[in-house]
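One structure is given below, encoded as structure tokens.
Number of protein chains: 2
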Amino acid sequence: MKVKDIGEQGLLKKLQSFCPHDTIGDDGAVLSIDPRQQLVVTTDVLVDGVHFSDTTTPPESVGWRAIAANLSDLAAMGATPVGVTVGLAVPGDLSVVWIERMYQGMSQLLAQHNTPIVGGDVCRSPVTTVSITAFGQAFPHRIIKRSTAQPGDVIVTTGYHGMSRAGLELLLNPHISSKLNEETQKRLVQAHQYPQPRLDVLRPLREIAEDESITGIDSSDGLGDAIVQICALSGVGAQIQSPSLPCISMLSQWFSLEQALNWVLYGGEDFELILCLSEKIGNQLVQKLGEKASIIGKIVEETSVVLIDKSKAIKISLDQGFQHFQ
Amino acid sequence: MKVKDIGEQGLLKKLQSFCPHDTIGDDGAVLSIDPRQQLVVTTDVLVDGVHFSDTTTPPESVGWRAIAANLSDLAAMGATPVGVTVGLAVPGDLSVVWIERMYQGMSQLLAQHNTPIVGGDVCRSPVTTVSITAFGQAFPHRIIKRSTAQPGDVIVTTGYHGMSRAGLELLLNPHISSKLNEETQKRLVQAHQYPQPRLDVLRPLREIAEDESITGIDSSDGLGDAIVQICALSGVGAQIQSPSLPCISMLSQWFSLEQALNWVLYGGEDFELILCLSEKIGNQLVQKLGEKASIIGKIVEETSVVLIDKSKAIKISLDQGFQHFQ
Chain A
1 MKVKDIGEQG LLKKLQSFCP HDTIGDDGAV LSIDPRQQLV VTTDVLVDGV
51 HFSDTTTPPE SVGWRAIAAN LSDLAAMGAT PVGVTVGLAV PGDLSVVWIE
101 RMYQGMSQLL AQHNTPIVGG DVCRSPVTTV SITAFGQAFP HRIIKRSTAQ
151 PGDVIVTTGY HGMSRAGLEL LLNPHISSKL NEETQKRLVQ AHQYPQPRLD
201 VLRPLREIAE DESITGIDSS DGLGDAIVQI CALSGVGAQI QSPSLPCISM
251 LSQWFSLEQA LNWVLYGGED FELILCLSEK IGNQLVQKLG EKASIIGKIV
301 EETSVVLIDK SKAIKISLDQ GFQHFQ
Chain B
1001 MKVKDIGEQG LLKKLQSFCP HDTIGDDGAV LSIDPRQQLV VTTDVLVDGV
1051 HFSDTTTPPE SVGWRAIAAN LSDLAAMGAT PVGVTVGLAV PGDLSVVWIE
1101 RMYQGMSQLL AQHNTPIVGG DVCRSPVTTV SITAFGQAFP HRIIKRSTAQ
1151 PGDVIVTTGY HGMSRAGLEL LLNPHISSKL NEETQKRLVQ AHQYPQPRLD
1201 VLRPLREIAE DESITGIDSS DGLGDAIVQI CALSGVGAQI QSPSLPCISM
1251 LSQWFSLEQA LNWVLYGGED FELILCLSEK IGNQLVQKLG EKASIIGKIV
1301 EETSVVLIDK SKAIKISLDQ GFQHFQ
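Sequences listed follow chains A and B, in order.
Take the first sequence: its position 98, counted from the start at 1, is 98 in this note's numbering, and no numbers get skipped.
Remember, this note's numbering sits 1000 above the position in the second sequence when you count from 1.
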């Protein structure tokens, strides 16, 4: 059954079951925000052929990733989610099952965070487009900013980088898989298709840091871009120690070191958090989060961002690396 | 200059000037909601070739209409706007000036309501897609619902219907224009390209009705659909008096009566409010809003929606008319 067979009204009716507020296609939804907290809003648009494709992402993954991107933005601001809206534009010959599976993917991740779909819109388009807006709430003094990093801060990443990009490579070039055992293949593909936004970090972070000012960002555009952005907005620089970069040693078992480094820095879509904190709190946080989290470098006064590998006498300027995104 | 010449980053930089919070493309925006009020959220997706086109809507109008649709949804819920996010997906060969002009159209209407663009996203797509999410606030007991109409209520429309559809007809078939004087042409085209969401109605409404429960909807999908929806959700019916329908007599000067009736009922995108109120408050509101507003009928127990023209002994069942939307 295709969208054109049931029409927009028929599709809306089917999608209502994913929306407890029963407001998809309605005027709007009503939400209560804790009066002591501020509303945090973030929005992301995903387009078929640009951000997802049938060869690399099943419909459940498209929905999951769309939600992950937005929840990750909320986590990066220190906000807990309260709801999302879904704006969906689809061709008439798209199968209704594809759309239902995509909503299932969205609902599965949202359920993990007790977050409802509170509304949305459905319309026709030549190209499938998913536009998510997520609402969160945060206490004003606990909002994480990008512009407040200070020399002396350590830089913590909450997990591995380059995994999503490596998973994408496996999906695009299946012959690579033969080099890897099944568990590794699964893990990398999972990292690409079902990434976890790091909302789980907020509670342990605040147990340690309580009301301290925290600087942070998520790594949706890559670890390199994340650090460059924080430094540019804070008017500082950073020194990253290459051997401490999570995942390089793991990825370079299977791919060239250059490939691994490139993916860790510029792969993107791992949706980890990059936080700048005092050394004391940084150490406590890494201990609390366990083996995946690590201190990868420090904030310095000089406004350049460099990656240092002393053992190989390599020094990469990430500010310049970032250029290729522009 | 085209989007592909400056890239997504370059485009983001240009669009920042329309966004006082400086957060287009950033993680997200922070907004303060009056702690006594609830958050009201609404979202709409507009697609090139489906909701707008170069022949009928200049870029300023595309932006204006996208905002109008969302602010109208807020007005229909009794909410005042506090901000919007804009998700934009554009082809690489779209001119940057087109996008800037579209944002100008959005900004012009938003400025009339002191509402900022607080964030957004920009990405590539084969087809231009504009996804707006609007945030408003409303006191819980003053939220206007669709499901609370009661037999005995009068039905008030805040303005003319069919105007937007007539304007679209002029734009699609310019040869029709010769029948109309210049002022009328301008007025109809204006109604299509730059419709006014009726947020202005909320204050006079509350001056008269204060905390009374009000039922309402906007007429974005047409006057007929609006009344049918209210009746279906409220479990009631309605009788509309054809001679009291605003705009039929005006439009039928230039178009056939059947054409005029069809556009008034099913044209859509006039973004007026349809309100169900006690007779006393309805009369006071019409008096306060002036000549454009009128009482067009009443809510009845019997669950059918009929349009009655006694002078011509016509009786149209709108519930059936609504079928052709499905």
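In this text, a Cβ means the ideal position worked out from N, Cα and C, and glycines have one as well.
{"Query": "Locate the beta strand (DSSP E) running through GLN1038/B, then write down its first and last residues.", "Result": "1038 to 1047"}
{"Query": "Using the Cβ count rule (16 or more neighbours within 10 Å means buried), how would you classify SER398/A?", "Result": "It is not possible to answer for residue 398/A, since the shown part of chain A is limited to 1 through 326."}
{"Query": "Using a 10 Å radius around the Cβ and a threshold of 16 neighbouring Cβ atoms, would you call ASN1070/B buried or exposed?", "Result": "buried"}
{"Query": "Would you mind reading off the limits of the beta strand (DSSP E) that contains ARG124/A?", "Result": "117 to 124"}
{"Query": "Which residues in chain B sit within 9 Å of ASP225/A, going by Cβ to Cβ distance?", "Result": "Residues of chain B passing the Cβ test: none, with the nearest at roughly 10 Å."}
{"Query": "Chain B beta carbons: is any one of them nearer than 8 Å to that of GLY282/A?", "Result": "no"}
{"Query": "Starting from the C-beta of GLY87/A, find all residues in its chain whose C-beta is less than 7 Å away, skip the five residues before and the five after it, and write them out in chain order.", "Result": "GLY120, ASP121 and SER131"}
{"Query": "Which residue marks the beginning of the alpha helix (DSSP H) containing LYS1186/B, and which one marks its end?", "Result": "1182 to 1193"}
{"Query": "Does CYS1231/B come within less than 8 Å of chain A when only Cβ atoms are used?", "Result": "no"}
{"Query": "Distance check for ALA166/A and GLY297/A, CA to CA, integer angstroms please.", "Result": "23 Å"}
{"Query": "Hey, is MET1001/B's beta-carbon within less than 8 Å of any beta-carbon in chain A?", "Result": "no"}
{"Query": "Only counting the same chain, and skipping five residues up and downstream in sequence, which positions put a Cβ closer than 7 Å to that of PHE322/A?", "Result": "Annotation note: pLDDT 40 at PHE322/A (below 50); position unreliable, coordinate value reported separately. Counting only Cβ-Cβ distances below 7 Å, and skipping sequence neighbours, we find GLY224, ASP225 and VAL228."}
{"Query": "Mind checking who GLY1216/B pairs with in its DSSP beta bridge?", "Result": "LEU1275/B"}
{"Query": "Could you list the residues in the stretch 1061 to 1084 of chain B with a C-beta less than 8 Å from some C-beta on chain A, going in chain order?", "Result": "ASP1073, LEU1074, ALA1076, MET1077, ALA1079 and GLY1083"}
{"Query": "Which residues does DSSP pair with ILE1295/B in a beta bridge?", "Result": "VAL1156/B"}
{"Query": "Assuming VAL96/A is part of the alpha helix (DSSP H), what are its boundary residues?", "Result": "96 to 112"}
{"Query": "Looking only at its own chain, which residues have a Cβ that is under 8 Å from the Cβ of PRO140/A, when we skip the five neighbours before and after it?", "Result": "GLN37 and GLN38"}
{"Query": "Counting pairs of Cβ atoms below 8 Å between the stretch 1095 to 1107 of chain B and the stretch 1149 to 1156 of chain B, do you hit three or more?", "Result": "no"}
{"Query": "How many Å lie between MET1001/B and VAL1096/B at the Cα?", "Result": "6 Å"}
{"Query": "Which residue marks the beginning of the alpha helix (DSSP H) containing ASP73/A, and which one marks its end?", "Result": "59 to 76"}
{"Query": "Measure how close the beta-carbons of PRO59/A and GLY159/A come, nearest whole angstrom, since I'm counting them as under 8 Å.", "Result": "26 Å between Cβ atoms; not a contact."}
{"Query": "So does the stretch 7 to 14 of chain A actually touch the stretch 1004 to 1020 of chain B, counting three or more Cβ pairs closer than 8 Å?", "Result": "no"}
{"Query": "As a quick exercise: from LYS1004/B, VAL1041/B, ILE1316/B and PHE1052/B, pick the residue whose alpha carbon is nearest that of GLN1239/B.", "Result": "ILE1316/B"}
{"Query": "In chain order, what residues of the stretch 47 to 60 of chain A put their CB closer than 8 Å to some CB of chain B?", "Result": "VAL47, GLY49, VAL50 and HIS51"}
{"Query": "Three Cβ pairs or more, each shorter than 8 Å: is that satisfied between the stretch 272 to 289 of chain A and the stretch 197 to 207 of chain A?", "Result": "yes"}
{"Query": "Quick one: list the residues of chain A neighbouring GLY1028/B, beta-carbon separation under 9 Å, in chain order.", "Result": "VAL40, VAL41, THR42, THR43, ASN70, ASP73, LEU74, ALA76, MET77, ALA79, ALA134 and GLY136"}
{"Query": "Between which two residues does the alpha helix (DSSP H) harbouring LEU88/A extend?", "Result": "Careful: LEU88/A lies outside any alpha helix (DSSP H), inside the beta strand (DSSP E) at 80 to 90."}
{"Query": "Could you have a look at ASP5/A and say whether DSSP puts it in helix, strand or coil?", "Result": "helix"}
{"Query": "My assumption, with CB atoms under 8 Å, is that MET77/A sits in contact with VAL40/A. Please give the rounded CB distance.", "Result": "5 Å"}
{"Query": "Please list the residues of the stretch 117 to 128 of chain A that have a C-beta atom closer than 7 Å to any C-beta atom in chain B, keeping them in chain order.", "Result": "VAL118, GLY119, GLY120, ASP121, CYS123, ARG124, SER125, PRO126 and VAL127"}
{"Query": "Nearest to SER1244/B by alpha carbon, out of GLN1108/B, LYS1004/B, LEU1307/B and LEU1318/B?", "Result": "LEU1307/B"}
{"Query": "Taking only runs of the alpha helix (DSSP H) that begin and end inside the stretch 1209 to 1258 of chain B, which ones reach a length of at least 4 residues, in chain order?", "Result": "1223 to 1234 and 1248 to 1251"}
{"Query": "Quick check: the Cα distance between TYR1266/B and ASP1211/B, rounded to an integer number of angstroms?", "Result": "32 Å"}
{"Query": "Just curious, the beta strand (DSSP E) that THR1307/B is in, first and last residue?", "Result": "For clarity, residue 1307/B is Leu in the given sequence; the question names Thr instead. That run of the beta strand (DSSP E) goes 1305 to 1309."}
{"Query": "Could you check what DSSP says for SER1147/B in three-state terms: helix, strand or coil?", "Result": "coil"}
{"Query": "Distance, Cα to Cα, THR1115/B vs PRO1081/B?", "Result": "6 Å"}
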